[in-house]
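Some notes on the structure that comes next.
Protein chains: 2
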Amino acid sequence: MASALESGGKNTGKLSLAGDQNNVDTVNKQGNRANKRRINEAHILQAAESIFAERGYLGATTAAIAEAADLPKANVHYYFGTKKALYQAVLDNILTLWLEPMQDIREDADPATALTAYIREKMRYTRERPSASKVFANELLHGAVHLQNHLETDLKDLVEEKARVLTSWIEKGRIKPVDPVHLFFLIWASTQTYADFDVQIAAVLGKNKIGKKEFSTAEDTIVQMILATCGLVPDNSVLNQDK
Amino acid sequence: MASALESGGKNTGKLSLAGDQNNVDTVNKQGNRANKRRINEAHILQAAESIFAERGYLGATTAAIAEAADLPKANVHYYFGTKKALYQAVLDNILTLWLEPMQDIREDADPATALTAYIREKMRYTRERPSASKVFANELLHGAVHLQNHLETDLKDLVEEKARVLTSWIEKGRIKPVDPVHLFFLIWASTQTYADFDVQIAAVLGKNKIGKKEFSTAEDTIVQMILATCGLVPDNSVLNQDK
DNA sequence: TTATTTCTTGACCAATTGGTCAGGTTTCAT
DNA sequence: ATGAAACCTGACCAATTGGTCAAGAAATAA
Numbered sequence: 001m002a003s004a005l006e007s008g009g010k011n012t013g014k015l016s017l018a019g020d021q022n023n024v025d026t027v028n029k030q031g032n033r034a035n036k037r038r039i040n041e042a043h044i045l046q047a048a049e050s051i052f053a054e055r056g057y058l059g060a061t062t063a064a065i066a067e068a069a070d071l072p073k074a075n076v077h078y079y080f081g082t083k084k085a086l087y088q089a090v091l092d093n094i095l096t097l098w099l100e101p102m103q104d105i106r107e108d109a110d111p112a113t114a115l116t117a118y119i120r121e122k123m124r125y126t127r128e129r130p131s132a133s134k135v136f137a138n139e140l141l142h143g144a145v146h147l148q149n150h151l152e153t154d155l156k157d158l159v160e161e162k163a164r165v166l167t168s169w170i171e172k173g174r175i176k177p178v179d180p181v182h183l184f185f186l187i188w189a190s191t192q193t194y195a196d197f198d199v200q201i202a203a204v205l206g207k208n209k210i211g212k213k214e215f216s217t218a219e220d221t222i223v224q225m226i227l228a229t230c231g232l233v234p235d236n237s238v239l240n241q242d243k
Numbered sequence: 001m002a003s004a005l006e007s008g009g010k011n012t013g014k015l016s017l018a019g020d021q022n023n024v025d026t027v028n029k030q031g032n033r034a035n036k037r038r039i040n041e042a043h044i045l046q047a048a049e050s051i052f053a054e055r056g057y058l059g060a061t062t063a064a065i066a067e068a069a070d071l072p073k074a075n076v077h078y079y080f081g082t083k084k085a086l087y088q089a090v091l092d093n094i095l096t097l098w099l100e101p102m103q104d105i106r107e108d109a110d111p112a113t114a115l116t117a118y119i120r121e122k123m124r125y126t127r128e129r130p131s132a133s134k135v136f137a138n139e140l141l142h143g144a145v146h147l148q149n150h151l152e153t154d155l156k157d158l159v160e161e162k163a164r165v166l167t168s169w170i171e172k173g174r175i176k177p178v179d180p181v182h183l184f185f186l187i188w189a190s191t192q193t194y195a196d197f198d199v200q201i202a203a204v205l206g207k208n209k210i211g212k213k214e215f216s217t218a219e220d221t222i223v224q225m226i227l228a229t230c231g232l233v234p235d236n237s238v239l240n241q242d243k
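Protein chains in written order, with my numbering: chain A, 1 to 243; chain B, 1 to 243.
Encoded structure:
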């Protein structure tokens with residue numbers, strides 16, 4: 001399949017950020033190219049994320065993405081070349097979002113505080129970016145062929161680094177012994193399930209969709225579970241954002 | 001789309017189970033129709049589960065399923081009519097498997113024993129039927145349009161019944177207070193993640209695939225976590241099947 | 001203004017896909 | 001043995017899909 005770069009006129013090296021045309025009228029009217037490009041690309045990426053989440057990579061059609069972005073299909077191809085390249089772009093954005101919250105788990109932090117904050121951050125992502133979570137889940141579910149390198153390098157390294165933090169906490173008796181890597185797996189599974197499998201959860205709860213109250217209960221239950229697993233008591237300074 | 005019944009000659013009401021031809025030779029040579037039908041249908045269902053797991057409902061092709069079943073495509077359509085009907089058949093089988101293990105959570109059981117057994121049973125399903133787990137996950141991920149009724153009736157009723165068991169355990173002080181319904185969500189998420197997102201887990205563990213040892217650690221970690229959440233001590237009479 | 005580059009899009013195409021069907025083969029009941 | 005029912009499958013078809021393209025519009029640079 002063609003590479004993203006052999007398509008359209010994208011990436012010509014120009015950086016004319018508003019240039020000298022930065023009076024309000026011109027900018028508001030999206031009078032310059034770079035601006036319009038940014039807006040269109042963002043629209044397409046957002047539409048693509050939503051369609052890929054709904055139907056998966058193979059099930060999604062560029063026509064559906066174009067319609068969701070309110071642009072002609074040929075325009076979508078002009079900006080991103082191929083469906084695969086567009087999917088990669090969506091996926092790269094998501095992976096960045098996905099890795100971010102882990103950074104705050106540090107040796108010098110308080111275990112209960114850091115773990116609680118990590119869970120609450122993961123739940124914020126679940127609430128605010130359910131489509132992103134679903135695209136990522138779908139990619140993993142079908143073998144992560146568009147993500148394999150990242151998993152085996154970026155993700156693996158990051159998890160190993162953070163697992164060492166947990167191990168050191170265990171050695172110092174700050175948390176009870178528990179397999180640190182598997183603890184991460186279980187935090188991911190627990191938080192993401194509320195985005196990825198929301199229909200199942202909503203159905204069991206007898207709701208049309210998961211509401212604020214249910215997200216709040218979910219979040220508290222997960223925190224309770226992970227802290228109990230580590231033999232910790234709650235840190236109430238890290239607030240549940242749904243309350 | 002056409003209903004499954006308007007296709008082929010399936011379901012003619014005949015029940016000629018081996019009839020009077022039940023000498024060994026005849027049966028071994030699959031000499032009778034009902035037998036061959038059963039075998040072919042099973043092959044197709046198995047192939048379909050595997051292909052649907054790999055590619056999702058929309059991404060799967062009847063040609064790929066036929067090839068995996070080592071049958072001509074027209075034959076697959078002869079047996080199951082449409083792709084949708086075949087998918088429904090696969091899904092119905094899976095839902096049965098999925099609901100089964102929950103039955104053993106009963107009021108009169110020992111909480112630690114029952115919860116441990118439930119987790120170990122769920123992990124057995126994860127290890128032995130990863131494709132089934134993936135098909136189910138994929139269906140939920142994309143809105144459960146082929147499963148909605150079951151979720152809102154069968155599953156909801158069963159979970160509510162079993163949640164009442166947990167509630168009664170809580171009231172009697174046999175386990176610590178925890179939201180029973182969300183506890184189920186977290187057990188499902190924790191156990192299924194090792195099937196659905198196996199590539200991610202394998203990548204982080206630096207393995208090609210999750211091995212016996214890792215499954216064993218996973219299982220023990222989940223049991224440890226759920227029991228800690230419920231304020232219970234391990235019941236070592238329920239053995240980890242991977243050890 | 002004018003030349004150049006970038007952007008836009010309707011129309012089109014080759015490949016794939018779910019599904020059909022006719023005509024032949026096998027199995028079964030009588 | 002024989003007719004009927006069930007089974008099998010190569011060949012085919014209409015619909016969908018990812019992707020292309022040419023011709024024009026719009027923005028920018030000279």
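Where is the CB? At the ideal position from N, CA and C, for every residue including glycine.
All values reported here derive from a predicted model rather than from experimental measurement.
| request: Taking all protein chains shown into account, decide if R55/B is buried (16 or more other Cβ within 10 angstroms of its Cβ) or exposed. | output: buried
| query | Where does the unbroken alpha helix (DSSP H) through F197/A begin, and where does it stop? | reply | Per DSSP, F197/A belongs to no alpha helix (DSSP H) and is neither H nor E.
| Proximal residues of chain B, C-beta to C-beta of R106/A below 9 Å | Those do not exist, as R106/A stays about 20 Å from chain B at its closest Cβ, beyond 9 Å.
| request: Please report the Cβ distance between V145/A and E49/A, rounded to the nearest whole angstrom; I am assuming they are in contact, meaning their Cβ atoms lie under 8 Å. | output: V145/A to E49/A, Cβ: 18 Å. No contact.
| task | Examine chain A for any beta-carbon lying closer than 7 Å to the beta-carbon of T193/B, and answer yes or no. | result | yes
| message | Whole angstroms are fine: how far does the CA of E171/B sit from the CA of A69/B? | response | 52 Å
| request: Taking N240/B as the reference, give the member of L140/B, I222/B, G231/B and K162/B with the closest Cα. | output: Comparing Cα positions, the closest option is I222/B.
| query | Alpha carbon to alpha carbon, what distance is there between V181/A and T217/B? | reply | 10 Å
| query | When the Cα atoms are used, what is the spatial distance from Y79/B to S168/B? | reply | 48 Å
| field | Residues in the region 27-60 of chain B having any Cβ partner in chain A nearer than 9 Å | value | A53, E54, R55, G56, Y57, L58, G59 and A60
| said: So I222/B contacts chain A; which residues on that side make the cut at Cβ distance below 9 Å? | reply: H182 and L186
| How big is the Cα-Cα spacing for F215/A and I201/A? | 11 Å
| said: I'd like the span of the alpha helix (DSSP H) that includes D220/A, first residue to last. | reply: K212 to T229
| field | Burial state of T153/B (16 or more Cβ within 10 Å) | value | exposed
| task | Confirm the yes/no value for this check: CB of A202/A, any heavy atom of the ligand COA, distance under 6 Å. | result | For the ligand COA, the structure offers nothing, since it holds no ligand at all.
| Closer than 7 Å, CB to CB, is Q103/A near chain B or not? | no
| request: Look up E107/B in the DSSP assignment and say whether it is helix, strand or coil. | output: coil
| message | By the 8 Å beta-carbon criterion, what residues does the region 189-215 of chain A contribute toward chain B? | response | A189, S190, Q192, T193, Y194, D196, F197, V199, Q200, I201, A203, V204, L205 and G206
| request: State yes or no: is the C-beta of D235/B within less than 7 Å of the C-beta of T82/B? | output: Result no, Cβ atoms of D235/B and T82/B do not sit closer than 7 Å.
| request: Spatial neighbours of A89/A within its chain, please: CB distance less than 7 Å, with the 5 preceding and 5 following residues excluded, ordered by chain position. | output: Around A89/A: L45 and F80.
| Alpha-carbon to alpha-carbon, A34/B and Y194/A | 44 Å
| query | Hey, how far is the Cα of G231/B from the Cα of V233/A? | reply | 13 Å
| field | Short Cβ contact (7 Å threshold) for D198/A with I210/A | value | yes
| Where the alpha helix (DSSP H) through D157/B begins and ends | K156 to E171
| query | Listing by chain order, which chain A residues have their CB less than 9 Å from the CB of K134/B? | reply | L141 and H142
| message | Let me make sure I understand the geometry here. Which of V204/B, V159/B and P111/B has the alpha-carbon closest to that of P177/B? | response | P111/B
| task | Measure from the alpha carbon of W188/A to the alpha carbon of each residue in L91/A, A137/A and G143/A, then state which is nearest. | result | Nearest C-alpha to W188/A: A137/A.
| Distance CB(I94/A)-CB(A66/A) smaller than 7 Å | no
| What is the residue span of the alpha helix (DSSP H) that D92/A lies within? | K83 to L99
| N236/A (DSSP reduced to helix, strand or coil) | coil
| request: Give the straight-line distance between the Cα atoms of N32/A and R38/A, rounded to the nearest whole angstrom. | output: 10 Å
| request: Would you mind telling me which residues of chain B sit closer than 9 Å to L248/A, beta carbon to beta carbon, in chain order? | output: Because chain A here runs from 1 to 243, residue 248/A falls outside it and cannot be looked at.
| So is N276/B in contact with chain A if we call contact Cβ pairs under 7 Å? | Residue numbering for chain B in the displayed model covers 1 to 243; residue 276/B lies beyond these limits and cannot be assessed.
| request: Figure out for me which residue from Y118/B, P72/B, T191/B and T113/B has the closest Cα to the Cα of F185/A. | output: T191/B
| query | Looking at C-alpha atoms only, which residue of T62/A, E41/A and G206/A is the closest neighbour of E160/B? | reply | G206/A
| task | Starting from the Cα of T96/A, find the closest Cα among L147/A, I175/A, K162/A and R174/A and give me that residue. | result | L147/A
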